[in-house]
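> Here it is: the structure, laid out below.
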Amino acid sequence: MALKKVLLLYSGGLDTSCLLKWIPERYGDGDGVEVATLTLDLGQGGVEEAKEKALKLGAVEAFVVDARQEFAERFLTKAIQANGLYQGGYPLSTALARPLMAEYAVEYARRCGADAIAHGCTGKGNDQVRFEVSIGALAPELTVLAPVREWNLNREEELRYAQERGIPVGPRSKYSIDENLWGRSIECGELEDPWREPPKDAFAYAVPPEEAPDAPDYVEIAFERGVPVALDGREMGLVELIEALNARAGRHGVGIVDMMEDRVVGLKTREVYECPAAVTLITAHRELERLCGTIHENELKPLIDQKWAELVYKGLWHEPLREALDAFIARVNQKVTGTVRLKLYKGQARVVGRTSPHALYAPELATYEAGSAFEQQNAVGFVQLWGLPTRLAWRRRHAHTAQEAQEAQPQTQTQTE
Ligand code: ARG
1 MALKKVLLLY SGGLDTSCLL KWIPERYGDG DGVEVATLTL DLGQGGVEEA KEKALKLGAV
61 EAFVVDARQE FAERFLTKAI QANGLYQGGY PLSTALARPL MAEYAVEYAR RCGADAIAHG
121 CTGKGNDQVR FEVSIGALAP ELTVLAPVRE WNLNREEELR YAQERGIPVG PRSKYSIDEN
181 LWGRSIECGE LEDPWREPPK DAFAYAVPPE EAPDAPDYVE IAFERGVPVA LDGREMGLVE
241 LIEALNARAG RHGVGIVDMM EDRVVGLKTR EVYECPAAVT LITAHRELER LCGTIHENEL
301 KPLIDQKWAE LVYKGLWHEP LREALDAFIA RVNQKVTGTV RLKLYKGQAR VVGRTSPHAL
361 YAPELATYEA GSAFEQQNAV GFVQLWGLPT RLAWRRRHAH TAQEAQEAQP QTQTQTE
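So that you can map any letter, position 347 of the sequence shown is 347 in the working numbering, and since no number is skipped, the others follow by simple counting.
Written out as structure tokens, the structure is:
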């Protein structure tokens with residue numbers, strides 16, 4: 001494959017740094033291939049250092065895009081409205097970032113005249129699927145390279161390769177980390193043993209709940225149409241609000257997720273996350289939605305949410321069904337406006353108060369105090385009809401049982417006689 005220029009999605013870590021050298025060696029075809037890098041700031045920090053490093057290692061251009069705002073506005077608002085949790089636990093932090101990275105990769109590849117995009121994913125994870133499905137849909141003319149999937153170097157070989165080519169090898173991390181505003185995914189090392197408790201050093205902002213302060217912290221989150229807009233009465237943008245909550249809920253050990261997970265490629269893995277803001281916001285949002293929705297909406301919404309999370313996890317952000325589900329989710333969220341009060345304490349964010357102008361809670365009907373407006377006598381006829389199918393079925397079953405017993409009886413008698 002003769003390539004002229006490759007745009008590399010570059011994190012600044014060891015793997016993608018090696019790729020900066022390896023791509024020209026592997027795909028150069030004698031004529032040499034240029035490598036440009038793209039690093040997105042999604043709240044993980046260190047992007048300017050990554051840019052410097054890329055240029056030092058021979059990148060012809062090193063692009064950096066601050067995409068935090070866009071990530072929050074286009075992706076995280078939807079994740080909140082959809083109560084987005086894969087398999088009931090993972091707030092999709094890595095999964096949500098990939099389609100945005102793919103979009104920018106396509107834009108910058110076209111802009112700088114690259115004929116291929118390279119990513120640093122292995123062949124065992126979901127991220128290769130997410131990048132390649134999105135890039136394949138958005139830019140079928142571009143080649144996608146996954147050199148890490150091809151090169152098959154183990155850790156020692158990779159370190160030797162890096163040393164030989166003057167790639168700085170930082171202090172060796174025990175874990176493989178992917179981080180952005182919405183959370184931190186922590187893998188590898190001793191976490192691969194599902195029986196072992198994740199050690200404290202795996203986490204960056206969530207403290208172990210037993211070490212959290214003995215005094216709870218109360219936080220009030222205001223939502224408009226399912227999107228958080230203020231913290232403790234102070235209006236703020238979503239990026240700022242998430243950063244504030246990561247620190248505040250993290251301090252109380254909220255948002256540690258430790259679960260077995262089913263990957264798209266068929267593997268079952270143990271995954272550890274810390275997502276204090278995500279867990280707090282989804283907990284709050286879900287409760288506010290319950291306050292404002294009818295029983296029918298509240299019964300269907302979790303099913304749609306689950307499907308949404310599944311699509312996002314499985315790399316199908318650019319699949320039309322995701323947009324169709326978004327339309328439903330946005331419609332339900334039109335009335336999810338109000339405030340939720342949570343108690344952050346020893347690893348938990350528990351809703352302790354909720355209020356909304358759209359609340360369907362009617363205290364004059366629900367109260368057990370004297371003078372309730374609820375007409376209890378109406379319940380008599382209601383229960384009669386509500387229970388009718390069950391009574392009919394029960395009577396029919398009973399009739400059969402009685403008949404069968406009767407038919408069985410003479411035989412039984414002859415046998416015993
Ligand atoms: N299991 C998570 C996911 O598939 C986390 C992946 C973390 N990625 C990484 N490069 N360390 O979304």
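All residues carry an ideal CB built from backbone N, CA and C; glycine is no exception.
Check the C-beta distance from D217 over to L344 and give it rounded, since I have them as a contact under 8 Å.
At roughly 4 Å, the Cβ-Cβ gap stays under 8 Å, so D217 and L344 are in contact.
> Cβ of S185 within 7 Å of any heavy atom in ligand 1?
For ligand 1, at least one heavy atom lies less than 7 Å from the Cβ of S185.
> Can you name the start and end residues of the alpha helix (DSSP H) that G113 belongs to?
Segment: none, G113 is in no alpha helix (DSSP H) and carries neither H nor E.
> Using 10 angstroms around the beta-carbon of M101, count the other beta-carbons present and answer buried if the total reaches 16, otherwise exposed.
Classification of M101: buried, given that the 10 Å Cβ count is 16 or more.
> Would L388 be called buried (16 or more neighbouring beta carbons within 10 Å of its own) or exposed?
Exposed, because fewer than 16 other Cβ atoms sit within 10 Å of the Cβ of L388.
> So what does DSSP say about Q69, is it helix, strand or coil?
In the structure shown, Q69 sits in a helix (DSSP, three-state: H, G or I).
> Three or more C-beta pairs closer than 8 Å, one from the region 3 to 19 and one from the region 107 to 122: is that the case here?
Short answer: they touch.
> Here's a check: name, in chain order, each residue in its chain whose Cβ is nearer than 8 Å to the Cβ of D232, leaving out the five neighbours to either side.
So the qualifying residues of the chain are V219, E220.
> According to DSSP, what are the bridge partners of I177?
Bridge partners of I177: I186.
> Taking 7 Å as the cut-off, is the CB of T39 close to at least one heavy atom of ligand 1?
Answer for T39: no, Cβ out of range of ligand 1.
> Just the C-alpha distance for D193 and V272, rounded to the nearest angstrom, thanks.
Whole-angstrom Cα-Cα distance: 11 Å.
> CA-CA distance, V380 and I282?
Roughly 39 Å between the two C-alpha positions.
> Since L19 sits in a beta bridge, which residues does DSSP pair it with?
L19 pairs with nothing; no bridge assigned.
> Out of curiosity, what's the CA-to-CA distance linking L191 and R270?
Their backbone Cα atoms lie some 7 Å apart in a straight line.
> Restricting to runs no shorter than 3 residues, where is the beta strand (DSSP E) found entirely within the region 220 to 255?
Correct list: 227 to 231.
> At a cut-off of 7 Å, is T16 close to ligand 1 when judged by its beta-carbon and the heavy atoms of the ligand?
Every heavy atom of ligand 1 is 7 Å or more from the Cβ of T16, so no.
> In whole angstroms, what is the alpha-carbon distance linking E417 and A408?
No answer about E417 holds up, because its pLDDT of 40 lies below 50 and its placement is not dependable.
> In chain order, what residues of the same chain lie with their CB nearer than 6 Å to the CB of E364, ignoring the 5 residues before and after it?
Result list for E364: A373, in chain order.
> Quick check on Y361: buried or exposed, where buried means 16 or more other Cβ atoms within 10 Å of its Cβ?
Burial call: exposed.
> Is L3 helix, strand or coil when you go by DSSP?
It is coil, neither helix nor strand.
> How long is the line joining the alpha carbons of D201 and E157, rounded to whole angstroms?
For D201 and E157, the distance between alpha carbons rounds to 26 Å.
> G432 to T355, Cα distance in whole Å?
Lying before the first or after the last residue shown, residue 432 is absent from the chain, which here runs from 1 to 417.
> Mind checking G166: buried by the 16 CB within 10 Å criterion, or exposed?
G166 should be labelled exposed.
> How big is the Cα-Cα spacing for R248 and D115?
Answer to the nearest angstrom: the Cα atoms are 44 Å apart.
> Apart from the five residues on each side of it in sequence, which residues of its chain come closer than 6 Å, Cβ to Cβ, to Q306?
Closer than 6 Å at the Cβ level, and outside the excluded window around Q306, lies no residue.
> Using the C-alpha atoms, what's the distance from N154 back to V332?
Cα to Cα, the separation comes out at about 49 Å.
> Would you check whether ligand 1 has a heavy atom nearer than 7 Å to the C-beta of A95?
It does: the Cβ of A95 is within 7 Å (strictly closer) of some heavy atom of ligand 1.
> Can you tell me whether G123 sits near ligand 1, meaning its C-beta is under 7 Å from at least one heavy atom of the ligand?
Incorrect: G123 has no Cβ contact closer than 7 Å to ligand 1.
> Hey, would you say the C-beta of D258 is under 7 Å away from at least one heavy atom of ligand 1?
Not so, every heavy atom of ligand 1 lies at least 7 Å from the Cβ.
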